[in-house]
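Read top to bottom, the protein sequences are chains A, B and C. Under our numbering, the first residue of the first sequence is numbered 1, with each subsequent residue one higher. Under our numbering, the first residue of the second sequence is numbered 366, with each subsequent residue one higher. Under our numbering, the first residue of the third sequence is numbered 657, with each subsequent residue one higher. Please read the structure below before turning to the comments.
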Amino acid sequence: MRYVFKTTYDRDIDLHQHGWSRAKVAVLAGLMIVLPFLVGEYYLAEATNTLIWALAGMGLMIAVGHTGQVSLGHAAFLAIGAYANSALMNVGVPFLISFPLAGLITGLFGAVIAIPAVRMSGIYLAIATLAVFVIVEEMVILLEPITGGVGGIMAPSIQFFGISFDRYGALENFYWLCLAIVILVTWGYANLMRSPTGRSFLAVRDSEVSARALGINVTRTKSLAFGLSTGVTGLAGALMGHYIGFYNYELFSIFISINLLLVVTIGGLGFIQGAFLGAILITAVPQVIAILRDGLNANFGINLGSIPGLDTMIFAAILILFIIFEPAGLYGRWLKIRTWFDIFPLARRDMFRRQKSYLKTERMK
Amino acid sequence: MEFLQLIIGGLANGCIYGLVALGFVMIYKASEGVNFAQGDMMMLGAFVALGIGNTDQMGLPFGIAVILAMAIMFAVGWGVERVVVRQIFGQPQFALVILTIAMGFVFRFVAGSIWGYTPLVLETPFAGQNFRGGGLVVGLADLVTIGVTLALTLALWAFFAFTKIGLAAQAASQNQMAAYIVGVPVMRINSLIWGLSGAVATVAGVLYATKGAIDPNIGLLGIKAFAAAVIGGMGSLPGALLGGLIIGVIEPVAGRYAPGELAKMSPYIIMLVVLVLRPGGLFSQIQMKKV
Amino acid sequence: MSLLEVNDLAVHFGGVKAVDGMSFSVEPGEVFAIIGPNGAGKSTIFNLISRIYEPTRGTIRFDGKDLTAQKSHDIARLGIARTFQNIELFDHSTVLANLLMGQHTHRSTNFVQDILFLGKVRRAEREHRHRVEEVIEFLELEAYRNKMIAGLPYGVRKVVEIGRALALGPKLILLDEPASGLSVEETQDVAFWIEDMRRDMGLTVLMVEHDMSLVNQVSDRVLAVANGRPLAMGTPQEVQADPHVQAAYLGTPEEDAA
Ligand SMILES: Nc1ncnc2c1ncn2[C@@H]1O[C@H](COP(=O)(O)OP(=O)(O)O)[C@@H](O)[C@H]1O
Ligand SMILES: [Mg+2]
Numbered sequence: 001m002r003y004v005f006k007t008t009y010d011r012d013i014d015l016h017q018h019g020w021s022r023a024k025v026a027v028l029a030g031l032m033i034v035l036p037f038l039v040g041e042y043y044l045a046e047a048t049n050t051l052i053w054a055l056a057g058m059g060l061m062i063a064v065g066h067t068g069q070v071s072l073g074h075a076a077f078l079a080i081g082a083y084a085n086s087a088l089m090n091v092g093v094p095f096l097i098s099f100p101l102a103g104l105i106t107g108l109f110g111a112v113i114a115i116p117a118v119r120m121s122g123i124y125l126a127i128a129t130l131a132v133f134v135i136v137e138e139m140v141i142l143l144e145p146i147t148g149g150v151g152g153i154m155a156p157s158i159q160f161f162g163i164s165f166d167r168y169g170a171l172e173n174f175y176w177l178c179l180a181i182v183i184l185v186t187w188g189y190a191n192l193m194r195s196p197t198g199r200s201f202l203a204v205r206d207s208e209v210s211a212r213a214l215g216i217n218v219t220r221t222k223s224l225a226f227g228l229s230t231g232v233t234g235l236a237g238a239l240m241g242h243y244i245g246f247y248n249y250e251l252f253s254i255f256i257s258i259n260l261l262l263v264v265t266i267g268g269l270g271f272i273q274g275a276f277l278g279a280i281l282i283t284a285v286p287q288v289i290a291i292l293r294d295g296l297n298a299n300f301g302i303n304l305g306s307i308p309g310l311d312t313m314i315f316a317a318i319l320i321l322f323i324i325f326e327p328a329g330l331y332g333r334w335l336k337i338r339t340w341f342d343i344f345p346l347a348r349r350d351m352f353r354r355q356k357s358y359l360k361t362e363r364m365k
Numbered sequence: 366m367e368f369l370q371l372i373i374g375g376l377a378n379g380c381i382y383g384l385v386a387l388g389f390v391m392i393y394k395a396s397e398g399v400n401f402a403q404g405d406m407m408m409l410g411a412f413v414a415l416g417i418g419n420t421d422q423m424g425l426p427f428g429i430a431v432i433l434a435m436a437i438m439f440a441v442g443w444g445v446e447r448v449v450v451r452q453i454f455g456q457p458q459f460a461l462v463i464l465t466i467a468m469g470f471v472f473r474f475v476a477g478s479i480w481g482y483t484p485l486v487l488e489t490p491f492a493g494q495n496f497r498g499g500g501l502v503v504g505l506a507d508l509v510t511i512g513v514t515l516a517l518t519l520a521l522w523a524f525f526a527f528t529k530i531g532l533a534a535q536a537a538s539q540n541q542m543a544a545y546i547v548g549v550p551v552m553r554i555n556s557l558i559w560g561l562s563g564a565v566a567t568v569a570g571v572l573y574a575t576k577g578a579i580d581p582n583i584g585l586l587g588i589k590a591f592a593a594a595v596i597g598g599m600g601s602l603p604g605a606l607l608g609g610l611i612i613g614v615i616e617p618v619a620g621r622y623a624p625g626e627l628a629k630m631s632p633y634i635i636m637l638v639v640l641v642l643r644p645g646g647l648f649s650q651i652q653m654k655k656v
Numbered sequence: 657m658s659l660l661e662v663n664d665l666a667v668h669f670g671g672v673k674a675v676d677g678m679s680f681s682v683e684p685g686e687v688f689a690i691i692g693p694n695g696a697g698k699s700t701i702f703n704l705i706s707r708i709y710e711p712t713r714g715t716i717r718f719d720g721k722d723l724t725a726q727k728s729h730d731i732a733r734l735g736i737a738r739t740f741q742n743i744e745l746f747d748h749s750t751v752l753a754n755l756l757m758g759q760h761t762h763r764s765t766n767f768v769q770d771i772l773f774l775g776k777v778r779r780a781e782r783e784h785r786h787r788v789e790e791v792i793e794f795l796e797l798e799a800y801r802n803k804m805i806a807g808l809p810y811g812v813r814k815v816v817e818i819g820r821a822l823a824l825g826p827k828l829i830l831l832d833e834p835a836s837g838l839s840v841e842e843t844q845d846v847a848f849w850i851e852d853m854r855r856d857m858g859l860t861v862l863m864v865e866h867d868m869s870l871v872n873q874v875s876d877r878v879l880a881v882a883n884g885r886p887l888a889m890g891t892p893q894e895v896q897a898d899p900h901v902q903a904a905y906l907g908t909p910e911e912d913a914a
C-alpha cells in the first residue's frame, strides 16, 4: 500500500498526487512521441485513428460521464466540426486558425441547442439528440456548396510553418499533430475536473436539487458542459475528416454515435482515462477480428468473412457483457484490480460488490 | 383529392409508427425503461412471420404464421427481459438505453444471418387489393393497418386501465422499491410486459411488410417511432398513437410540398418543437421530484 | 428587522393544500424549530424558501429581499444554505469534493481560467480548501475526508450534508430533520453543533425536527404546524403545553416529548 503524506493542500490540487504517477504519464507520453520510429505505416495510421477516437470520446465523456447527459447524436457534432474546418480551410483560413474555430463553432452550436434540451430529463435528452442528429445529417446533404452533398468532399491538405501535415503525404507529422492536440485537450480536461467548473458538472450529474441549493445554475452548467463536449467532439471531427481524406455524410452515421457511446461506457464512465481505453478497444477489436478471421481461414478453412455484420455483433456482445458485469468499465475494473493488489492479502470478496439501488421514478424529476 | 389520398396513406404509415411507439410506451409505463431495440423487434417479428408464412420457406397459412410469429416474439421479449434486462435492474436508466441499442444490433445480426440482407417480400392476402371510389384509391392493406391499430391500442389501453396486472404494472413503475415491498411481483410483470411488447412489435412488423419489402435495417424506423412516443408523452398509449399519426401524416405532406430532405427532417423538427414547448410531450406526466 | 419573514404563504398541488396561510418570522441569531406530524407541510416550507416550489400565494422576505422574485440558484448567494430530509449528496464524489461544491458561491474564476488552471485558479482553490478544512475540523470529519459518499454510514452522510451547507458560509441555515435516523450520541453531537453555529458562527438556524429533546435543548422558539397551517408558536414549553398542539401532534402521550 502506498501512503501519500500531504504536506500542503497543493498536493491535492496538483494533477498528480505523487511523483510515481507523474513519471508514469511522462513515460507514456514519451512512448507515444517516439511511436513513429517504432512501428510501421499501417500501425501508425491505426494509432492516429485511436487518438482521434480518444479525442471524440473525451468530448462525449464530458457530457455522459461527467454531467450525466446521454447523447445519441454526437456523430452530428463530428460532422459539424469536419465540415466547418474544411469549409474554413477552403476559403483560405490556415489550419491553425480554422481548427480551433471549427471546435468553437461546433461548441457554440451544441451549447445553443442544449439550452432547450437540458430542461428535459435523461431519456428525453437522449431522444432529442437523436433528432438533432437526423436533422444535421439531412442538413449536410442539403448544404451542398459546403459539404459536397451526397458526393462528398476532399479534406484540404494541412500545412503550416512550411511543413506538411498531410495524412497521406506526411503521416508521422499528422500523427504528431493529433498527439499534440490530444495531449493539450487532456490537460485542459484534467484541469477542468480539478476546478470549480468540473465540480459543478459532477454536482449537476449527481443531484440537481442540491446543485441548485448550492447556487449552481443548472441550465447554464449543463449547456456549458454540452458546449464543451460538442466542441471537443467537433475538434475530433475536423481531424477525422483529414484522416479519412475523402468523405461524405455517411462517415458520420448513427453507428458512429453508438460507437462513441461504446467508447465511453466500456472505457469507464466518469474517468478521462476511460475515453482512451475505450478508444483503444474500439479501434483494436476490428484488427483482432481480422487477424483471427485470417488465422481461422488459413488454419482450419473456416471462412468467417462470409458472415457480414460480425464486427458489429461482437461489439454489441462486448457492450452487453460490460453493462451487465462491469458497469464501471475497463478503467473501473482496473481500479479494482489495483486496489486488490494494493491491499493484498486483505481484500474481501464482498468489497467490490455492486450496491443495488432501486430505480427512482423519472416522472418525479 | 390528391391531398386526401396523401392523408390516407399517411394515416396508415402513422399507425405503424404508432404501434412501434406503443411498444416503447408499454415498457416505459411498466418500468420507466426505454427499449431502443423496439424497432428491431418489429423487424425480427416481420421476418419470423415471413419465415413461417412464405411459400418458399415453411409455407404455413398467413393467419397461423402471424399468430405463431407473435407467440415466438412474445417469448423473445420475455426472454430478453429474463436473461438480460433483469441483470441491470436498479442501474441508471441509460444503462438500459445502451443495453437495448446493443440488443438491436444482435437482432439485426440474427435476422441478417438467417434471411440475408437483400430485401424480401412477405406474402399476404391483402397484396395488391384496392378499393376505388370518388377518385380515391385505398389499399386493403392500409385499411387493415388502421383497423388493427385502433383495436390494439384500445385493447392495450383497457389492459393498463382496468386489469389487475395492468394497474400493478403502472404502480410498479412509480416506485419499484415500494411496489416490491407491498408484494407486487415487479419482475414477473416486467417479463410479461416485455413479452407483450414483442408481440405488438410483430403486429407492427407484419403490417409494415404488407406495404413493401423488408430487410434487417427496417428497424431504424424505430427512431421515428420514438419521435412519435415523445410527441405523445412517453407514458401515454393514446398519445403514442396520436404522435404516430401526426408523423405519418406530416411526412407525405411535407414530401409533397417541400424538398425531400426537409420532409425527412419534419418528424424530428415537430418532436423538438413539442419538447421545447411541452417538455413532457402532449400528454405530459412529468412532475417535480419530491425532496 | 427579522431575518426571514414568511407571510400568508401557500402552495397547492392539485387539490392538496400542502402549505396554506403560513406566517412566521425568524430573528437574526435565533434557533427556530418547526414541528408537526408527517405530511404537515414542513419540508414544503423549506422547498418554498429554496424556490424549488412556486408559491400559490404569499411572500417570503429574507434580509429585506423578496425571495419569490429570485431563481432557485440565487438563494444560496443571498446567504441561505440547507440540508434535505432524505440526504441529497453527490454520491460519486468524496466528502472533500462534496464540501468543496458547497463553496460554489465563492468561486472567482470562469471556465476558461479553470481549463488553463491559471495561477489565480490555484490560489482560489487553496482558499476554498482552507475554508472547507475549517468545516471538516468543526464537524470532526477528518477520517472521512477522501472517502466516497456512496460507501459511508447514514449518520456520517447526514453530517457531511450539514458540512456542505456550512461550507457555503450562510447567514441562515435550514436543517430538515437533522437528527432523524441518528443514534442518541449522534443527536447529541448535532445539538452541540447547532449551539456552536449560533454562538461561534453567528448563524441563524431554522430547523424541522421530530426529536423533541433536541428541539427543547437548542431552540429559542418553536412553530407547530398541521395540515399546512400554523397551530401555535412560542417557547418549546409553551408550544408543547398548547392544547391544539397536543391534540394534533402530541396526541399520543408516549411521544418522546418529555
Ligand atoms: N411536489 C409535490 N407534489 C404533490 N404533493 C406534494 C409535493 N410536495 C409535497 N406534497 C404534499 O404536501 C404535503 C406536505 O408534505 P411535506 O412538506 O413533505 O410534509 P412534512 O411535514 O412531513 O415534511 C404532503 O401531503 C405531500 O404529499
Ligand atoms: Mg418532511
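Where is the CB? At the ideal position from N, CA and C, for every residue including glycine. Small disclaimer: the values here were computed from a predicted structure and weren't measured.
Within 7 angstroms of the C-beta of residue 769(C) there is not a single heavy atom belonging to ligand 2. Nearest Cα to residue 488(B) within the set 504(B), 415(B), 535(B), 642(B): 415(B). Identification of chain B residues near residue 122(A) by a Cβ-Cβ cut-off of 7 angstroms yields 458, 459, ordered along the chain.
Residue pairing by DSSP puts residue 159(A) in a beta bridge opposite 164(A). Only 624, 626, 627, 629, 630 from the stretch 603–630 of chain B bring a Cβ to less than 8 angstroms from some Cβ of chain A. If only uninterrupted alpha helix (DSSP H) runs of at least 4 residues are considered, those enclosed by the stretch 659–747 of chain C are 698–705, 731–734. One thing to note: residue 149(A) has its Cβ within 8 angstroms of the Cβ of residue 141(A). One finds 324 in chain A with Cβ atoms closer than 7 angstroms to the Cβ of residue 452(B), taken in chain order. Comparing alpha-carbon positions, the option among 369(B), 647(B), 643(B), 375(B) lying closest to residue 507(B) turns out to be 375(B). The Cβ-Cβ distance between residue 746(C) and residue 805(C) falls below 8 angstroms.
In the DSSP assignment, residue 885(C) forms a beta bridge with 882(C). Separation of residue 779(C) and residue 65(A) (C-alpha to C-alpha, rounded to the nearest whole angstrom) is 28 angstroms.
Residue contact with chain A for residue 586(B): absent (no Cβ-Cβ distance below 8 angstroms to any residue of chain A).
Closest in alpha carbon position to residue 242(A), among 207(A), 177(A), 265(A), 264(A), is 177(A). Within the stretch 433–466 of chain B, no complete beta strand (DSSP E) segment of 3 residues or longer occurs. Looking at 291(A), 33(A), 157(A), the one whose alpha-carbon comes closest to that of residue 85(A) is 157(A). Set against 7 angstroms, the gap from the CB of residue 672(C) to the closest heavy atom of ligand 1 is smaller. Remark: the shortest separation between the CB of residue 832(C) and any heavy atom of ligand 2 falls under 7 angstroms. Contact annotation: in the stretch 780–796 of chain C, residues whose CB is within less than 9 angstroms of a CB in chain A are 780, 781, 782, 784, 785, 786, 789. Taking 7 angstroms as the cut-off, one finds no heavy atom of ligand 1 near enough to the beta carbon of residue 524(B). Nearest neighbour of residue 605(B) by Cα position, chosen from 502(B), 587(B), 420(B), turns out to be 587(B). Annotation for residue 407(B): the continuous alpha helix (DSSP H) segment containing it runs 403–418.
Residue 131(A) belongs to the set of residues whose beta carbon lies under 8 angstroms from a beta carbon in chain B.
Under DSSP, the beta-bridge partners assigned to residue 502(B) are 497(B). Among the residues of chain B, those whose CB is under 8 angstroms from the CB of residue 134(A) are 588, 629, 630, 633, following chain order. Secondary structure note for residue 150(A): it is in no beta strand (DSSP E), with a DSSP letter that is neither H nor E. Beta-carbon to beta-carbon, residue 815(C) and residue 831(C) are separated by about 11 angstroms, too far to satisfy the 8 angstroms threshold.
When rounded, the separation of the alpha-carbon atoms in residue 12(A) and residue 751(C) is 14 angstroms. Look at residue 625(B) here: in three-state DSSP terms it is helix. Relative to ligand 2, the nearest heavy atom lies less than 7 angstroms away from the CB of residue 699(C).
Within chain A, 308 have C-beta atoms less than 7 angstroms from the C-beta of residue 482(B), given in sequence order. Under a 10 Å Cβ-count criterion, residue 291(A) is classified as exposed, with fewer than 16 other Cβ atoms of the shown protein chains found around its own Cβ.
Linking residue 315(A) to residue 328(A) through their CA atoms gives a straight-line distance of about 17 angstroms. By DSSP's assignment, residue 247(A) forms a beta bridge with 153(A).
A direct Cα-to-Cα measurement between residue 190(A) and residue 196(A) gives close to 12 angstroms. The secondary-structure analysis by DSSP pairs residue 877(C) across a beta bridge with 688(C).
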